[in-house]
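*Asks:* Numbering (our numbering), first residue to last: 29 to 137.
By construction, the Cβ of each residue, glycine as well, lies at the ideal position given by its N, Cα and C atoms.
All values reported here derive from a predicted model rather than from experimental measurement.
This is the structure, below, for whatever I ask next.
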Amino acid sequence: MQQALKKWQPQPKTYGIGCPRCNSTQLVKIGRVDGLQKYACSDCDRTFKERPMFVCECLIPGTQVKCQSCPQFKEFLGIVKQQTDELRSLSFQELENLKSSYTVAETLD
């Protein structure tokens, strides 16, 4: 997890209106449904309702409930999965060596 945090760079950003399929902002308003604006994406033709906007200012991903819908959190989870897959492919001896190298690094700090 610590290595994934080192690779992940927080980027405060506002998320909201954009195509949920292709992230395009080339949108056309096509009416209202249940009080929400409905849009059509000009790039991929997907239709969707207006999504609430939120601001991501996370320094450590996953610490807030709203992180579950954040594109940056999903990116972070991808990094964690990649790191986990890399560890899964190591032999027991390689894991022991890795563990001891971290123990030595922690004592030097």
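Can at least three beta-carbon pairs, one atom from the segment 114-123 and one from the segment 90-105, be found at a separation below 8 Å?
*Replies:* Too few Cβ pairs lie closer than 8 Å, so no.
*Asks:* Which runs of the beta strand (DSSP E) spanning at least 3 residues fall entirely within the segment 72-136, listed in chain order?
*Replies:* Listed in chain order, they are 75-77, 82-84.
*Asks:* Give the single residue among 122, 113, 56 whose Cα lies nearest to the Cα of residue 67.
*Replies:* When each option's Cα is compared against that of residue 67, the closest is 56.
*Asks:* Give me the residue from 113, 77, 94 with the minimum Cα distance to residue 63.
*Replies:* Cα-wise, what sits closest to residue 63 is 77.
*Asks:* Which residue marks the beginning of the beta strand (DSSP E) containing residue 58, and which one marks its end?
*Replies:* Residues 55-61.
*Asks:* Between the alpha carbons of residue 122 and residue 130, how many angstroms are there, rounded?
*Replies:* Distance between the alpha carbons of residue 122 and residue 130 is about 12 Å.
*Asks:* Between which two residues does the beta strand (DSSP E) containing residue 50 stretch?
*Replies:* No beta strand (DSSP E) contains residue 50, which DSSP labels as neither H nor E.
*Asks:* CA-CA distance, residue 100 and residue 75?
*Replies:* Between residue 100 and residue 75, the C-alpha separation is close to 23 Å.
*Asks:* Using a Cβ-Cβ cutoff of less than 7 Å, which residues in the same chain neighbour residue 95 once the five nearest sequence positions on both sides are dropped?
*Replies:* Closer than 7 Å at the Cβ level, and outside the excluded window around residue 95, lie 86, 89, 101.
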